[in-house]
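Trainee: Order-wise, the sequence lines are chains A and B.
The first sequence begins at 1 in our numbering and counts up by one.
The second sequence begins at 484 in our numbering and counts up by one.
Idealized CB from N, CA, C, for every residue including glycine.
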Amino acid sequence: MRWVDMKDSLKNFWNDFRREKSGMVGLFLLVLLIFTAVAAPLITSPDIPQRWKHYWLENPQNAPPTWSNYLSSVRKAPNVVYTYKDLHIKESKDASGNTVYSFEIPYKYDYQVPVKDIVIFNLASNASSPNDAPYISIVLKRPVQDGYSSVVPLMNETVSSNATIQLSTNPQVRMNVLRWLKQNNVHVDPVLEFQLRATMDTMTILFSQIQPDIQDMITNPKPLHGTYTLLVNVTAKPGISVDFSNIKVVFMGRTCGLMGTDDRGRDIWAGLVWGSRVSLTIGLAVAVLSVLIGILYGVTSAYLGGWKDEFMQRFNEFMASIPTLPILILLGVYFGGHIMLWQLVLLLVAFGWVGIAKVARSMALQIKEQTYIEAAKALGAGTGRIVFKHIVPQLLPYAFAQIALGVPGAILSEASLSFLGLGDPSKVTWGQMLNEAQRAGAAVNGYWWEVIPPGLAITLVGLTFVLLGVALDKVLNPRLRRI
Amino acid sequence: MMGFGKYLLYRLFNAALILFFVVLLTSTLFVKLADVTLQSQIQETVQAEWNAYAQHHPGGHVNQSEFIKKRTQYWIEYYGLNKPYRTRVWETTIKTLKFDFGQTRQTIFGTRDAAKIIKVALPRTILLFTTAQIIVILIGILLGVKCAQKPGSTLDRAISILAMVTASLPMWWFGMVMILIFAFKLGWFPVNSFPDPNLTGLAHVKDVLWRMVLPVVTIVTVLFGGWAWTTRNIMIGTMQEDFIMAARAKGVPERKVIYGHALRAAAPPIVTMTIFSLLSSFGGAIITEAVFNWPGMGRLYWIALQQNETTLIVGLTYISTLLYLIGMILADLTYALLDPRVKVGASASM
Numbered sequence: 001m002r003w004v005d006m007k008d009s010l011k012n013f014w015n016d017f018r019r020e021k022s023g024m025v026g027l028f029l030l031v032l033l034i035f036t037a038v039a040a041p042l043i044t045s046p047d048i049p050q051r052w053k054h055y056w057l058e059n060p061q062n063a064p065p066t067w068s069n070y071l072s073s074v075r076k077a078p079n080v081v082y083t084y085k086d087l088h089i090k091e092s093k094d095a096s097g098n099t100v101y102s103f104e105i106p107y108k109y110d111y112q113v114p115v116k117d118i119v120i121f122n123l124a125s126n127a128s129s130p131n132d133a134p135y136i137s138i139v140l141k142r143p144v145q146d147g148y149s150s151v152v153p154l155m156n157e158t159v160s161s162n163a164t165i166q167l168s169t170n171p172q173v174r175m176n177v178l179r180w181l182k183q184n185n186v187h188v189d190p191v192l193e194f195q196l197r198a199t200m201d202t203m204t205i206l207f208s209q210i211q212p213d214i215q216d217m218i219t220n221p222k223p224l225h226g227t228y229t230l231l232v233n234v235t236a237k238p239g240i241s242v243d244f245s246n247i248k249v250v251f252m253g254r255t256c257g258l259m260g261t262d263d264r265g266r267d268i269w270a271g272l273v274w275g276s277r278v279s280l281t282i283g284l285a286v287a288v289l290s291v292l293i294g295i296l297y298g299v300t301s302a303y304l305g306g307w308k309d310e311f312m313q314r315f316n317e318f319m320a321s322i323p324t325l326p327i328l329i330l331l332g333v334y335f336g337g338h339i340m341l342w343q344l345v346l347l348l349v350a351f352g353w354v355g356i357a358k359v360a361r362s363m364a365l366q367i368k369e370q371t372y373i374e375a376a377k378a379l380g381a382g383t384g385r386i387v388f389k390h391i392v393p394q395l396l397p398y399a400f401a402q403i404a405l406g407v408p409g410a411i412l413s414e415a416s417l418s419f420l421g422l423g424d425p426s427k428v429t430w431g432q433m434l435n436e437a438q439r440a441g442a443a444v445n446g447y448w449w450e451v452i453p454p455g456l457a458i459t460l461v462g463l464t465f466v467l468l469g470v471a472l473d474k475v476l477n478p479r480l481r482r483i
Numbered sequence: 484m485m486g487f488g489k490y491l492l493y494r495l496f497n498a499a500l501i502l503f504f505v506v507l508l509t510s511t512l513f514v515k516l517a518d519v520t521l522q523s524q525i526q527e528t529v530q531a532e533w534n535a536y537a538q539h540h541p542g543g544h545v546n547q548s549e550f551i552k553k554r555t556q557y558w559i560e561y562y563g564l565n566k567p568y569r570t571r572v573w574e575t576t577i578k579t580l581k582f583d584f585g586q587t588r589q590t591i592f593g594t595r596d597a598a599k600i601i602k603v604a605l606p607r608t609i610l611l612f613t614t615a616q617i618i619v620i621l622i623g624i625l626l627g628v629k630c631a632q633k634p635g636s637t638l639d640r641a642i643s644i645l646a647m648v649t650a651s652l653p654m655w656w657f658g659m660v661m662i663l664i665f666a667f668k669l670g671w672f673p674v675n676s677f678p679d680p681n682l683t684g685l686a687h688v689k690d691v692l693w694r695m696v697l698p699v700v701t702i703v704t705v706l707f708g709g710w711a712w713t714t715r716n717i718m719i720g721t722m723q724e725d726f727i728m729a730a731r732a733k734g735v736p737e738r739k740v741i742y743g744h745a746l747r748a749a750a751p752p753i754v755t756m757t758i759f760s761l762l763s764s765f766g767g768a769i770i771t772e773a774v775f776n777w778p779g780m781g782r783l784y785w786i787a788l789q790q791n792e793t794t795l796i797v798g799l800t801y802i803s804t805l806l807y808l809i810g811m812i813l814a815d816l817t818y819a820l821l822d823p824r825v826k827v828g829a830s831a832s833m
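1. Please state whether DSSP places D267 of chain A in a helix, a strand or coil.
2. What residue does the alpha helix (DSSP H) around I34 of chain A start on, and which one ends it?
3. If you draw a straight line from the C-alpha of A133 of chain A to the C-alpha of V115 of chain A, how long is it?
4. For the beta strand (DSSP E) holding T464 of chain A, just list the boundary residues, first then last.
5. Kindly say whether I329 of chain A, judged by its beta-carbon, lies nearer than 8 Å to any beta-carbon of chain B.
6. Please classify R595 of chain B: does DSSP put it in a helix, a strand, or coil?
7. Who are the neighbours of F487 of chain B on chain A, taking C-beta pairs under 8 Å?
8. Can you tell me which of A:V333, A:T261 and A:Y109 puts its alpha carbon nearest to the alpha carbon of S68 of chain A?
9. Using 10 angstroms around the beta-carbon of T66 of chain A, count the other beta-carbons present and answer buried if the total reaches 16, otherwise exposed.
10. For L224 of chain A, which residues does DSSP report across the bridge?
11. Can you find the residues in the same chain that come closer than 8 Å, C-beta to C-beta, to I620 of chain B, ignoring five residues on each side of it along the sequence?
12. Here's the rule I'm using: 16 or more other beta-carbon atoms within 10 Å means buried, otherwise exposed. How should K489 of chain B be labelled?
13. With DSSP as the reference, label F582 of chain B as helix, strand or coil.
14. Quickly, what does DSSP pair F103 of chain A with across the bridge? List them, please.
15. Does the contact criterion of 3 or more C-beta pairs under 8 Å hold for the segment 255 to 275 of chain A versus the segment 439 to 452 of chain A?
16. Please go through the segment 604 to 679 of chain B and give each complete alpha helix (DSSP H) segment of 4 or more residues, from N-terminal end onward.
17. Would the segment 154 to 164 of chain A count as touching the segment 269 to 288 of chain A if we require 3 or more Cβ pairs under 8 Å?
18. Name the residue from A:F351, A:P326 and A:L178 whose alpha carbon lies nearest to the alpha carbon of R197 of chain A.
19. Could you compute how far the alpha carbon of I525 of chain B sits from the alpha carbon of L341 of chain A?
20. What residues from the segment 495 to 516 of chain B come within 9 Å of chain A, judged by C-beta to C-beta, listed N to C?
21. For A829 of chain B, which of helix, strand or coil comes out of DSSP?
22. Taking the alpha-carbon of I105 of chain A as reference, which of A:L231, A:N12 and A:R142 has the nearest alpha-carbon?
23. Reducing DSSP to helix, strand and coil, say where A198 of chain A ends up.
24. Check for me: the beta strand (DSSP E) holding L154 of chain A runs from which residue to which?
25. Buried or exposed for E792 of chain B, going by 16 or more other Cβ atoms inside 10 Å?
26. Going by the beta-carbon positions, is the gap between A63 of chain A and G253 of chain A smaller than 8 Å?
27. In chain A, what lies closer than 7 Å to V774 of chain B by C-beta?
28. Strictly under 8 Å for the Cβ-Cβ distance: is V451 of chain A near chain B by that measure?
29. Which residues in chain B sit within 9 Å of G446 of chain A, going by Cβ to Cβ distance?
30. Between E414 of chain A and chain B, is there a C-beta pair that is closer than 8 Å?
31. In the segment 762 to 789 of chain B, which residues sit with their C-beta less than 9 Å from some C-beta in chain A, listed in chain order?
32. Do we get a CB-CB distance below 8 Å when we pair S321 of chain A with the residues of chain B?
33. Touch check for the segment 404 to 413 of chain A and the segment 230 to 248 of chain A: three-plus C-beta pairs under 8 Å?
34. Looking at I796 of chain B and V333 of chain A, is the spacing between their C-beta atoms short of 8 Å?
35. Any idea what DSSP makes of K489 of chain B, helix, strand or coil?
36. In terms of residues, what are the limits of the alpha helix (DSSP H) holding E310 of chain A?
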């Protein structure tokens, strides 16, 4: 085929294809998917695949997406993370020569359910002995409520390097809060107080209005809206320096991020974006390879004829009768419970070419009998020339449609295996996200944000290629055009 | 040209060959895996034996290393680990073919015999799957014919869109969504499809049916669209044939033309397509079972994978391959029975 002809036929093809509405939708989705897959490090962050294996401590577990607040009558506090940049730490010297680092975090609270916890991560110092360890004092300033003091001292303690400070469950914080309540004439039953020291939901108390009896504050908390300020002072002895560069102060929310978090606190949105890579890679690699092998096998079989054709067809039938999923599961178990991505591609190709080879053979058999093949033979064309110049190009339209139609099957197979726990553990895949959701009982507990998005993503990719395939089939194989 | 009996024989032979190869493959892989587990198991057993011996015969004159050596030898011979790898693969193959899969490590469904466990699970899978499939076929044919009558109608378009969407979604995921909506949110159906073991008689039947609703609805919803679409395509082809025109010209009522003439002529490809779609949806349906905790083959697969029960995996692979092959032969048989023109294999007619 000459270049001019090619350009012309491509133009014709595009003109036909443009008229297929479903094909255009598919094309748009495909562009969107490829963009997502390529731009995944920019949309989220480049270290997601490494971090995916661990717990994400700075996120709450099983938290719904932040926008779910708009769907519900109860507004829950979202997750907020403050890093070094946000804190504006001030440094000063006190009378005895100690260095005092201080920062304050203003926090606007207008929700019904407060944060789960306030946690400070990675407060590092170079203190070598407990005596030198820096001293931290934390105070929460509440919005003014008439007749009550608005400053709650939470903590005065030395901290070891890299300690994680969880305010909600800290015994000293609980004691301080109870003391503050009593100073404000809140009735605390002594027996209850003993219990509360171990089990109190500190954040709910801190973020709601003071009532005369603590019992009411627990059973029927009324949120106190307004701007809170968390004041933190870290005092270090001379010669001791405190490193704030990795510090994170997290207001551990009840909702988190664009798509919520799973049972390890991982951001589902990040998983969704990164999963598109594996899905597209597997789908396209398997479909392209299967179709190539299938077409070559079918055409060779048809061209050779005789006992070779017979033998190749028997082998084809043999492959077609092997049930794919049980064998894949079997191999997955043999490989130690996990099938690597490239192994999976090879295995899916090993089963995927069969049907295509059969159709390609019957198409090639028809083409083989055409007079122009005879003419080419008479002109002295060799086998290779006839197969690759005259037969295979005729099959290309069929091949393109089949590539598109073969993608969803490959994606579904990968997802199924990953769902059974046999997936590649080094990759972020939608099937594995669903596997973890199933193991954590997400569906049973109503964690819809862990169940619905990954499956929708799989469906969307599958649908993209089905739409493309059907449109290609209609345009490229006009004989098959139906009303 | 092959006669039908000969063709059937050929297919049976082909199936037997595949079954044999699959079992040989599983044996080859799993004898190797079993080696490792058995070795450590023997070590543990012998150590325990020595501990018991030393307790009962304090100050005995038997040397510890000699004792351990002797007992290890005994167990190695007991499990046949001293035989060459090839022999053991062969023996395992024969055993598996005879449905002797060995013991699982943990008790499942009240027994540790892998064959018995599968025997308990298989009828449940067949019950769930056949029920769903019958409904799918009925709805699919009815809707498919309706679409073929008026191609391009709203129903026709809706069905083709539905077919495209359901072809690209994982059935087991749809099951999870169903649980989320109908079991968690609305609370209409039980979350867990495992039947209540305390019920017997009619109450038990009612309980099982009640728990089957969600899985069956899941399978039906995902499959009927594609099925209707296939029927529609085959029917549209048939409706354009001359004999339909002739029947209409004769004044045969339209109903009869469609169900008596067209559907009958289109039956063979429809039936083969059904069986093939049935076979290809089997995998998805099996995983769906695991989602609903329906105690069938799929649940077994899930358990076997979670607890690493290799004997059970071997058994499950064998049984599902067997089922698959039976399905393939049934597809061939029904095609030949329904279509008198086909007395030979598809390959010979090309």
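Mentor: Looking at the coordinates:
1. On the first sequence, position 267 is the one that residue 267 of chain A refers to. In the three-state reduction of the DSSP assignment, D267 of chain A falls in the strand class.
2. As a first step, residue 34 of chain A is located in the first sequence; it is residue number 34 there, counting from the start. Taken as a continuous stretch (DSSP letters only), the alpha helix (DSSP H) holding I34 of chain A covers K21 to V38.
3. Locating residue 133 of chain A in the first sequence gives position 133, counting from the first residue. Locating residue 115 of chain A in the first sequence gives position 115, counting from the first residue. Each residue's Cα considered, the two are about 29 Å apart.
4. The residue you call residue 464 of chain A lines up with position 464 of the first sequence. Counting along the chain, T464 of chain A falls outside any beta strand (DSSP E), though it belongs to the alpha helix (DSSP H) covering W448 to L476.
5. As a working note, residue 329 of chain A is residue 329 in the first sequence. Closer than 8 Å: yes.
6. Numbered from 1 along the second sequence, position 112 holds the residue referred to as residue 595 of chain B. In the three-state reduction of the DSSP assignment, R595 of chain B falls in the strand class.
7. Position 4 of the second sequence, counted from the start, is the residue given in the question as residue 487 of chain B. Chain A residues near F487 of chain B: none, gap ~17 Å exceeds 8 Å.
8. Against the first sequence, residue 68 of chain A aligns to sequence position 68. Among A:V333, A:T261 and A:Y109, the Cα nearest to that of S68 of chain A is on A:T261.
9. Locating residue 66 of chain A in the first sequence gives position 66, counting from the first residue. By the neighbour-count rule (16 or more Cβ atoms within 10 Å), T66 of chain A is buried.
10. Within the first sequence, residue 224 of chain A is the residue found at index 224, counting from 1. Paired residues: none, contrary to the question.
11. The residue labelled residue 620 of chain B in the question sits at position 137 within the second sequence. Cβ within range, chain order: W710 and T757.
12. Within the second sequence, the letter at position 6 stands for residue 489 of chain B. Exposed is the call here.
13. For the purposes of this step, residue 582 of chain B is taken as residue 99 along the second sequence, with counting starting at 1. The answer is coil: DSSP assigns F582 of chain B none of H, G, I, E or B.
14. Along the first sequence, read from residue 1 onward, the residue named residue 103 of chain A stands at position 103. Note: F103 of chain A sits in a beta bridge opposite A:V232.
15. Yes, since at least three Cβ pairs between the segment 255 to 275 of chain A and the segment 439 to 452 of chain A fall closer than 8 Å, the two stretches touch.
16. 637 to 650 and 654 to 661
17. no
18. Here residue 197 of chain A refers to the residue found at position 197 when the first sequence is read from its first residue. Of the candidates A:F351, A:P326 and A:L178, the one whose C-alpha sits nearest the C-alpha of R197 of chain A is A:L178.
19. For the purposes of this step, residue 525 of chain B is taken as residue 42 along the second sequence, with counting starting at 1. For the purposes of this step, residue 341 of chain A is taken as residue 341 along the first sequence, with counting starting at 1. Between I525 of chain B and L341 of chain A, the C-alpha separation is close to 35 Å.
20. N497, A498, L500, I501, F504, V505, L508, T509, L512, F513, K515 and L516
21. On the second sequence, position 346 is the one that residue 829 of chain B refers to. Caution applies to A829 of chain B, whose pLDDT of 44 falls short of 50 and renders its modelled position unreliable; the value that the coordinates give is listed next. Looking at A829 of chain B - three-state DSSP - the assignment turns out to be helix.
22. Here residue 105 of chain A corresponds to residue number 105 of the first sequence, with the count starting at 1. Nearest C-alpha to I105 of chain A: A:L231.
23. Indexing the first sequence from 1 puts residue 198 of chain A at position 198. A198 of chain A: helix per DSSP, three-state reduction.
24. As a first step, residue 154 of chain A must be located in the first sequence, where it is residue number 154. First-last of the beta strand (DSSP E) with L154 of chain A: V151 to T158.
25. Translated into the one-based positions of the second sequence, residue 792 of chain B becomes position 309. Under the 10 Å beta carbon count, E792 of chain B is surrounded by 16 or more other beta carbons and is classified as buried.
26. As a first step, residue 63 of chain A must be located in the first sequence, where it is residue number 63. As a first step, residue 253 of chain A must be located in the first sequence, where it is residue number 253. Contact flag set, yes.
27. One-based indexing of the second sequence puts residue 774 of chain B at position 291. Result: Q438.
28. Position 451 of the first sequence, counted from the first residue, corresponds to residue 451 of chain A. Yes, V451 of chain A counts as interfacial toward chain B.
29. Within the first sequence, residue 446 of chain A is the residue found at index 446, counting from 1. Within chain B, the residues near G446 of chain A are L663, F667 and K668.
30. Counted from its first residue, the first sequence places residue 414 of chain A at position 414. The beta carbon of E414 of chain A does not come within 8 Å of any beta carbon belonging to chain B, so the residue lies off that interface.
31. L762, S763, F765, G766, G767, I769, I770, A773, V774, Y784, W785, A787, L788 and Q789
32. Taking the first residue of the first sequence as 1, we reach residue 321 of chain A at position 321. Interface residue, yes.
33. no
34. For the purposes of this step, residue 333 of chain A is taken as residue 333 along the first sequence, with counting starting at 1. For the purposes of this step, residue 796 of chain B is taken as residue 313 along the second sequence, with counting starting at 1. It is a contact, given that the beta carbons lie within the stated cut-off.
35. One-based indexing of the second sequence puts residue 489 of chain B at position 6. Helix.
36. Reading the first sequence from its first residue, position 310 is the one you call residue 310 of chain A. That run of the alpha helix (DSSP H) goes G306 to A320.
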